[in-house]
Structures are given as C-alpha cells and as structure tokens.
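To start, the structure itself, in structure tokens.
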Amino acid sequence: MTFEVPKVSYTGKIREIPLGREGNTVIVGGESCYPFHLFEGEMPHPPKIAMEVYDSEPEDWPDTALEPFADVIKDTAAWARKCVDTYGAEMIALQLASTDPNDKDISADEAAKITKEVSDAVDVPMIVLGCGNVEKDTDVLKAVCEVCEGRDLIIGPVVEGNYRAIGATAIGYKHTVVASTPIDINLAKQLNILLGNLNVPDEKIIIDPSTGALGYGLEYCYSVMERIRMAALIQEDERLQFPIISNLAREVWKTKEVKVPESEAPLLGDMKKRGILIEALTAQCVLLAGADILVMRHPEAISLVKESIKDLMT
Amino acid sequence: MSKIICSAAIRGAHKIVGMAEEKYGEALKKWGPDQKIGFPNTTYYLPIIYGMLGIPVETLGDVRQILDKCKELVPPPVSDKVWLPYLAPALEAGMATYFAEEIIEAILYLEQPDFYTKAEDPLPDNIWLGAADDVIMRKRGVEFVDGTAPGFAAILGAAPSIEIAAKIAIELQEKNLYVFMCADHEGKTMSEQLIEAGVQVGWPTRLVSFGPSYRAAVFAIGFATRVAMSFGGIKPGDFKGNLHYNKDRVFAFAMPLGTVTDEWYANAAGGINWGFPTIADTPIPEILPTGICTYEHVVSNVPHDKIVARAVEVRGLKVSISKVDIPMSYGPAFEGERIRKDDLYFECGGGRTLGVELTVSKDMSEVEDGKVEMIGPDLDQVKEGDKLPFAMLIEVAGRKMQSDFEPILERQIHHLVNYVQGIMHIGQRNIMWIRVGKAVVEKGFLLKHLGTVMHAKYHQDFGGIVDKVQVKIYTDEEKVKEVLEQAKRVYKERDARVEGMTDETEETYYSCTLCQSFAPSHVCIITPERVGMCGAYNWLDCKASFEINPTGPNQPIIKGECTEPVLGRWKGITDFVNKASRQKVEQISAYSLMDFPMTACGCFECVATILPMCNGIMVVNRDSSGMTPCGMKFTTLAGMVGGGNQTPGFLGVSKHYICSRKFLLAEGGLKRVVWLPKMLKEEIAERMKPICEEMGIPDFSDMIADETIGTTEEEILPFLEEKGHPALTMDPLM
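Shown next as structure tokens:
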C-alpha cells in the first residue's frame, strides 16, 4: 500500500482582483487552496509586496530603517520612484501618517496634493493609507479619491465608522477599498456585507483583518487571518472570499526590539540584522496565514521574503 | 380615487410631449439635425433618457427617436367610460413627460445659452442654476450615498407667504435634505421667496433654484438618475435597476405648493416611477395604498407646519441624531456612578415615592417626534432633599415597530438614564429609582432632559424599528397614579404574552453567533422557551435585534419539520447549525444534556452536568465559587463546556431556562435536578413554584440538595433518599 497525502477538498475560491490603472495592473487573489498548498489547488498570483513611503520625513524610525532611503526621505515622490527604480517595487503604499490630528495634522487638501505627486511619479499600483483616525481619514481619503480619479488607487483603512462616506466616494471615482477591521472574523465579514449593501463592487474590495508584529500579538492576528481563509475556501463564505492585505511594516518598526542598539542589549545581537529579520519573519507568518499583499519597508527584508515566496511557489 | 390624478397626468403629458414636438420642429429648421445638444459638462447626455433608455442624445437628430418613444408611452386621454386601469398608464405618461421635458430644456440651452447660470451659486441678475454638471453631481451625490444628505425635496410652486417658505426650507435643511426648487404658483416661485426672505440659495446651502418652470423638475430627477449610474454601478438603459436604486436609497419626494396643474400632475406621476411620493398642501385626491413607493404615493391637504414631518414619514426617512443635547456629559463612562446621601439633591421612586417608567407603541399619527412634556414641578422648582413621585411615559411609533419590542425598548431606560453624568438609576418598571446629584442641578439639568435623552438614544440605537418618539414626564401625584395604573395593565398583558409563548406556537427561532469571534464553531439556538445561555438574549430580543440589524448575529431560522419532539430537533435548525458551525457541529438537541447537546461559547450563566450516582443533574451558576458534587468547581466545569465543543453530559444554560417547561426535557426536566447552589435556588425559587406544582410535587424545591447538605455525591445521596427525590426512580441517565 502506498502512502497518500491527505488532501483538503476546497469548495470556494478567493476573488481575483486587478489593481492599478490599465496597462499597469497587478492581479491579486484567485487562490483555490490554502497558502502555498500547491498540491491541493492553485495560487495563480503569488503574493505581492508593496513598498511603503511616507508623506513626510519620518521622525521615529531607527537609522537602520532610514538608511536605504536617506537620499529621498524628504521627497515622497522621489522616495516612491526609488522604491520602483532601485528596489523593483511591484506596488507602492503611501502612508499618510502626517494627517493624524495628534501628529502634524496636515490638511486633507495637502494630503491629496502629496498623493497626486506620488501617483504621477510612479506607474505601479498604489495603495493610499490614512492615519487611522475615523473622521480625519474620511476627509482625507475623499479628497484623495477626487484628485486621483482614473488612477484606480487602493484606499483605506475603510472602517465601520466611515465606510459609507469613503465607500461612496470610492465608487464614484472608481477606486478599490481596503476594508479594515480589528482582528475579528465576524467584524470582517460584517464590513464586507455593509460595503456590498452600499454597492461597492466585489472586485473593488481588499480586506485588512489587522496585524501585529512578531512578538506583539502576531499569533492572534495569524489565527484570524487563517480562519478567514478557511471560511472562504472550505465553508463557502462568500463575503470573506477577498484578498488580504497586511500592513505590517509600521507595526514591526515601532517595536522596542528593532530600536534598541546592540550596546544596550547585547543579547539581541546586531541591530540592523535584527530589524530586517523581524520584519521578514512577520511577513513570512502572514504569508502562511493567507496574506496576498504585504506592506513592507526594508529592501533587505523584502528580498528575503521575495526569495521565500519564490521557493514556496516552486 | 386616483382616476382624477391619472386623467390629469395623462392630459399634462400630452401637452408637454406636444410642446417638445413643436420645439423640436422649430429647432430642426433653425439648426439642422447635426446640431449638438445637451446639458453642460456631463458625460450622461440627457440623463433621464440615457439612464432609462440607454440612448445617448448628442444631436438634434437623435431627438426624433425619443419623441417617437414618448408617443408610444403616452396613453390616450382617459375617457369617462373607462373606470379601471389608471396607475400604470399614468406612470408611463409621467416617464414620457420627463423625456419630453429634457428635450425642451436641452433646446432651451441651445436657444438661450445664458438662461441658466451653470454654476453652484446664483448670480446677482440670474438665480436659475439649471442642470448640475458632473463635478457638482459627484460632490453632492456622494452625500446621498454616505447618508450625510438622505435625499431631496422637489418643491414645485411657492408657499403662501415668504415666512412659510423660509420655515419649510429651514425644516428641510434641518433634516439634511436638499431642496430642489422649480415651477411657479400664480407667478411666484419658492426660490424667489427664499431670496426675498434673506435666505442664502445655492448648492452650498442645499437650497437649489433649478429653474422657473415646472420643467426644471427634470434637473432633480436627472440628478437622482445620474447618482444611481455613478454610485450604484447601474448601467445606462437599466431602467429597472435605476428606479429601484432610487426607491431604496434616495429619500426624495415631491412637494407641490399651490394649484396642481395637469403639467404638475404629469411630473408627479413621473416621480412615482422613482419611488418618490407627492405630498401636497392643496386638497387634491390621494393615492394611499402602497405599491411603487415604499408607503403612500400621494398625500394631500397637509398643513404647512406639518408638511415636512409628514413628508419625511411618508417617504420612510429615518431621523438621525448625532448628539444627546443636555447640559451634562453623557456616555457609558457614567453608568456605574453612585449618588450618595451627601451628594443627593433630589430623588424619586425606589420605595421612597411612587415611581414608574413605561414604553408603549402608538399609531404614527398619535406621536409627535421629539416632543417632550413635563407635567408637574421640575428640578428648578424643588428644594434640596425633596422627593417627588415620578412617571416617565415614552410613546414610540414606527412602521416596523411591534408591541413585542416595547419591553426591549423599556429595558434600555435603565442604562440610558444612567449614562447621564451625576444621575443614578436603579431598577425598572414600577420599582425604578432615580437619584439626582447636586452638581447636576447646578448645571441646569432638568428632569425634562431625561426625555431628550430617551428621544435621542431611541433614534440612535433603535432607528431600525422606531421612527417617532415622544416623552411625557410626570411629577404630579394624580397623574403619576394614572400612569402607574396604565403601566400595571401593560405589564400584566406583556407577562401573559411571554408566558403564553411556547416553542410549538412559533415557527421561527433565532440564531445567535455573536460569540463566534472566540468560539468559532458555536451557534446558539434561541427559542421562546430556551433563552440564550448567557441569559442576555431571549427570543424577542433576537427578533428585535434582527429588525434593527438584518445582517447581524441574530438570524431567523424557519425551524421546519420537528424530527425529535422530546430531544428538541428540527430539520431547519439542524441544517442551519451544520452550516453556521462550518460543519463542525453535525446537529444539536435543544432539550438534551446527553444526546448532541447544544455547544456553548463561554458566556453561559450556569453549567448543568450529571451526577451518575444520584441518577440526577446538578446545575451550578457562575457566581458560586465553592466545590460541587461532580468534583469540579464552576471554573473547571466551564473549561469542559466552552469553546464551541459538544460534550455530552455538560451543558451551558441560563438561569431562566432552568424553570422552562422545556428544560432538559429529554432527561426528564426539572425533576432530574438533585443539586443547586443555595443562592441559585433562592434566586429562581419564585419561578420554580408553578413548574413544581405542574409536576405534582409542590414541595419539590425542598428535595433539591445544596452545599449545606453536601458537596459530594456521597454526602447528598442519603438526603435525596430521605426526601424521596423522583430522580432516584427515573430511567438511568447513562
């Protein structure tokens, strides 16, 4: 008797979602099996990595993260160009962190202006993420949608508190939304239902079930992501059959472990290597849980993960 | 009834289509068929025609086929001899009217390019804005979709005075509605009246002066049609999708002020296609039955001071209140506040004075939304340390309101009043007790504000079932007594209703998957006689919860054929549980501890388990911390039961369920219970009595052992034998 690998039989499939403007699209999703279970089904589009850029010079980054971008850090558009030209970014994620009312509180129009500049500077699909303040994001993302009409941006986070305003604007200007929920499968599903009720087309929704960094609750986020994938693929849960985005870099690079220099914590080892590995490992985990788009920062972490994706896909 | 309206609408349509034909003829002669026509800066051509027929009208030549279509649509004038089919032909006449009016207006743009300002605001010498371009439509249309502006009022004609005009406009603005104005009544227009009254008109103030003619109504309808195409993903030509989108999502209505001419009727009939009803101030005939519109189609002779409220009601628009407007802070943070003697200014109820609170539902016409009345002295008329009798009577009305929801709404009073900073609320019904702190009075808070709180919060939290709320607060003793009597009657009826509800009488049960976030395969099935194991959700709560949030965790399940009456299994329930648990749970028995018991999340009030030696069942509640005869404390037992696992012999239950006639029916019901913690036994004693009597063992409660008898099976068995506990002689449990 020969040994047979037990196989999961899948009944569902993740939606295929094209991102970016015509001629320069990237397709995500389409899986008909668990992540990298290529012996059971298909993963027509390997997960993509979006390199993040910020709308103003970051103040709290460790030097190890700043170093690769030192020459462009003051100019968001140049930064984005460098990500594409030098590091081969497949997508760009613009973080509008300065819009935060508790931070620089830059206006919606200013944020829209920066977004437009970046969007004109690069051709790859572009994700635009607000600061996470429900009201401010509404103003900012509405303005962004307007000035970037025709660019087919991916905008977010769209949450229960502002899905109507942002969702409606996104429909009007034909952008894709990131439906963001706090680590809970029911809330994730609920928001997708609400967006559907609002008439946001299904091929314009990406979901973000939230993530933490390695050592900061990642296992819980992992479980929720995994559960979402299970519901989508074997439990015919239509409202969860969407590609997943994981906005992980900002979580990783704010932790103590990437910021403490070796001189203060010799046991933690080389600071640069440490940061890169924590980012890469966090990414690796969410990849295995089902993420389709990873928002990442350090070029070396990115190349590690790319290599791993390549290995897993063959 | 509607024959007059339909005849007039059809007459009007004939006139308007005739006029379009005439204008088209003249224009064709002057400019030829290749002349471009259209509204300014839009990619939707003539939007109603484009949206309904999918035909882009770009040149004068394109107009011909539309006019032919109009002629096809307009029915022959209604003869006196025909009595029957009115609405359908009138709707077609209305549709043709809009097509014809768009053509006339497009030709007007050609003939007099400066007739309309083509801007967001009126100009000093021209107040008529004309069709909104796509920039305005996108910017403003978003508000229709995201709810910041629920819809619009299309006003035709003019109010009897500029004061009334201004008042109606302000009231509509307060409801966040756009006001689209067109047509004149005896030479006067609402737009001019508003300007005369000093009201700022234009898109930014949502008071839009479209045009002086009734034909400018097409700018309003065209706007709505474009919103559906732009934001609803509706394709041009998908008239059905477009009309449905507008009916379901754009809360618009027509409000003709003044004599309703044939042409106005034709436009109003057109609006009904979009689900937009007409609310008139003149005594025209009414069309009350529902059908195309959500509720009534034409409501007439409405006084000017009531017309906005009536329109909002007829269109089914929900009131949204963002802030509780009282002089104190408000929120859950203040729920647990205590008002102690030293801080006390005033109190009522709580055995100190008469006190009662009651929520009842009434007919829509009997409730005036937002009305709060104070009958008797308020806080500004009492001294420190005073006590007064108190009654709060909340009357609600709603198209979806049911009297079954009254107790659910009433139960909210406790925490909603407690949310006020400096106010303490305890109890409910006629055992309620309110204490008011000194600081509250200093800040100018009045008892009347409690009405404001209830009005705002009922709308905010229960908007799905409540459309109108009015509150009466009494501190006058005689009045309080009256309310108390009324309340006692209502309570009695309610209790009888809940008592009379059995699992057999209802065909629909409810699911609760609220806890799936931490117990992913758990599904609660809630029946009239089996309250959710958390004790927080009974069948009526689930029913209301579903009305309020149709996509939420409480879904109705048609129970279907009963396959096992004693175990409590139904086909519909089995299918649902299997699917909702993602095939983790094959089936459940609603009434059994041993045979496919219901799974549990982690929030159960009590755990039931078997005591094999006693051939009985014990139940222990969460608050009880001691050892139990099964050898495990509650906390250990909870670990056995929770997490969505099916563990025969262990079950999460609510306190309420213990005294249900369906309690573990498969194992013999309450009769099987041999041990309860003393505190739990005392808590449910009252409700247990009638069940014991039905069982024919009135003193059954004394047969149940508790921790004072023993906390091991060996200790309690002699007691059970001595009392002759029925469980000892029942069929073996396993």
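Line by line, the protein sequences give chains F and P. Read in order, the letters of the first sequence are residues 1 to 314 in our numbering. Read in order, the letters of the second sequence are residues 315 to 1048 in our numbering. C-beta atoms are modelled at their ideal positions from N, C-alpha and C, and glycine is treated no differently.
Buried or exposed (CB count within 10 angstroms, at least 16 for buried), residue i
i: I872 of chain P; result: exposed
i: K343 of chain P; result: exposed
i: N615 of chain P; result: exposed
i: L925 of chain P; result: buried
i: R297 of chain F; result: buried
i: L267 of chain F; result: exposed
i: N345 of chain F; result: Outside the displayed range of chain F (1 to 314) lies residue 345 of chain F, so it cannot be described from this structure.
i: V8 of chain F; result: exposed
i: E813 of chain P; result: exposed
i: K337 of chain P; result: buried
i: T169 of chain F; result: buried
i: M315 of chain P; result: Confidence is the limiting factor: at M315 of chain P the pLDDT is only 43, short of 50, which leaves the residue's position unreliable and the question unanswerable from this model.
i: P867 of chain P; result: buried
Nearest residue (CA-CA) to residue i, options the options
i: I106 of chain F; options: F:L288, F:L141, F:C145; result: F:L141
i: W884 of chain P; options: P:V891, P:K793, P:E875; result: P:E875
i: I319 of chain P; options: P:E577, P:Q800, P:S636; result: P:E577
i: I737 of chain P; options: P:G650, P:N892, P:R803; result: P:G650
i: P842 of chain P; options: P:E1029, P:L854, P:V767; result: P:L854
i: Y659 of chain P; options: P:W588, P:L761, P:H618, P:P603; result: P:L761
i: Y718 of chain P; options: P:Y644, P:A770, P:M815; result: Per the sequence shown, the amino acid found at residue 718 of chain P is Asp instead of Tyr. When only C-alpha atoms are compared, the closest one is P:M815.
i: L470 of chain P; options: P:A580, P:E796, P:A538, P:F565; result: P:A580
i: A623 of chain P; options: P:S679, P:A801, P:C384, P:P597; result: P:S679
i: T260 of chain P; options: P:S974, P:C928, P:K1003, P:F1014; result: Here chain P has residues from 315 to 1048 only, and residue 260 of chain P is not among them.
i: D348 of chain P; options: P:I363, P:V377, P:I324; result: P:V377
i: V710 of chain P; options: P:I606, P:P721, P:E340; result: P:P721
i: I205 of chain F; options: F:Y220, F:L214, F:L218, F:K189; result: F:K189
i: L521 of chain P; options: P:I621, P:K383, P:A446; result: P:A446
i: V147 of chain F; options: F:A108, F:K254, F:I276; result: F:A108
i: M1048 of chain P; options: P:I1005, P:D1016, P:E1007, P:I931; result: P:I931
i: V27 of chain F; options: F:M91, F:K104, F:Y34; result: The sequence given here has Ile at residue 27 of chain F, not Val. Ranking F:M91, F:K104, F:Y34 by Cα distance to I27 of chain F puts F:M91 first.
i: I478 of chain P; options: P:L422, P:A914, P:E419, P:E506; result: P:E506
i: V934 of chain P; options: P:E792, P:R975, P:G630, P:K992; result: P:K992
i: A534 of chain P; options: P:L491, P:L508, P:K554; result: P:L491
Close-in-space but distant-in-sequence residues of the same chain around residue i (CB under 6 Å, 5 per side omitted)
i: V541 of chain P; result: G455, F458
i: Q95 of chain F; result: E52, Y54, L129
i: I708 of chain P; result: T673, M768, V785
i: G326 of chain P; result: D576, E577, Y579, A580
8 Å CB neighbourhood of residue i in its chain, flanking five on each side removed
i: A980 of chain P; result: V880, L881, G882, S903, Y905, S906, L907, M908, D909
i: N192 of chain F; result: A179, I205, I207, R239, L240, F242
i: T356 of chain P; result: A445, D447, D448, M451, R540
Beta-carbon proximity list for residue i, same chain, < 7 Å, skipping 5 on both sides
i: G551 of chain P; result: L367, G368
i: G436 of chain P; result: The amino acid at residue 436 of chain P is misidentified as Gly; the sequence shows Pro. Cβ neighbours of P436 of chain P beyond the five flanking positions: L443, V515, G516, S523.
i: D123 of chain F; result: N24
i: D498 of chain P; result: G471, A472, P526
i: F977 of chain P; result: Y971, G983, L984
Heavy atom of the ligand COA within 7 Å of residue i beta-carbon
i: G958 of chain P; result: In the structure on display, the ligand COA does not appear, and there are no ligands present to speak of.
Checklist entry - Which residues, in chain order, does the segment 168 to 185 of chain F contribute to contact with chain P at a C-beta distance below 7 Å? => result Hits within the stretch, in order: A168, T169, I171, G172, D184, I185.
Checklist entry - Should the segment 125 to 141 of chain F be regarded as contacting the segment 152 to 159 of chain F, the criterion being three or more beta carbon pairs within less than 8 Å? => result yes
Item to check | Residues of the segment 39 to 53 of chain F whose Cβ lies closer than 9 Å to any Cβ of chain P, in chain order | outcome: Against chain P - using a Cβ distance shorter than 9 Å - the segment 39 to 53 of chain F contributes no residues.
Checklist entry - What residues in the segment 861 to 876 of chain P have a beta carbon less than 8 Å from any beta carbon of chain F? => result T865, G866, P867
Item to check | Touch test, the segment 1025 to 1037 of chain P against the segment 953 to 962 of chain P, Cβ-Cβ under 8 Å, three pairs minimum | outcome: no
Next on the checklist: Any contact between the segment 856 to 865 of chain P and the segment 165 to 185 of chain F? By contact I mean 3 or more CB pairs, one from each, below 8 Å.
Outcome noted: Output reads no: the segment 165 to 185 of chain F does not touch the segment 856 to 865 of chain P.
Next on the checklist: With three or more beta-carbon pairs closer than 8 Å as the criterion, would you say the segment 963 to 976 of chain P touches the segment 1016 to 1025 of chain P?
Outcome noted: Flag = no, the segment 963 to 976 of chain P and the segment 1016 to 1025 of chain P do not touch.
Next on the checklist: Against chain F, which members of the segment 453 to 475 of chain P pass a CB distance test of less than 9 Å?
Outcome noted: K453, G455, V456, E457, F458, V459, D460, G461, T462
Checklist entry - Any chance the segment 323 to 339 of chain P sits against the segment 280 to 297 of chain F, with 3 or more Cβ pairs inside 8 Å? => result Taking 8 Å as the limit for Cβ pairs, the verdict is that the segment 280 to 297 of chain F does not touch the segment 323 to 339 of chain P.
Checklist entry - the segment 518 to 552 of chain P: which residues have C-beta closer than 7 Å to a C-beta of chain F, in chain order? => result S544, F545, G546, G547
Checklist entry - Just checking, does the segment 781 to 797 of chain P make contact with the segment 689 to 699 of chain P on the three C-beta pairs under 8 Å criterion? => result yes
Checklist entry - Are the segment 345 to 364 of chain P and the segment 600 to 611 of chain P touching by the rule of at least three beta carbon pairs closer than 8 Å? => result no
Item to check | contact_flag[the segment 62 to 69 of chain F, the segment 41 to 48 of chain F] where n(CB pairs < 8 Å) is 3 or more | outcome: no
Next on the checklist: For the pair the segment 548 to 562 of chain P and the segment 582 to 597 of chain P, tell me if three or more CB-CB distances fall below 8 Å.
Outcome noted: yes
Checklist entry - Using Cβ-Cβ distances below 7 Å, what residues of the segment 226 to 247 of chain F are close to chain P? => result R227, A231, Q235
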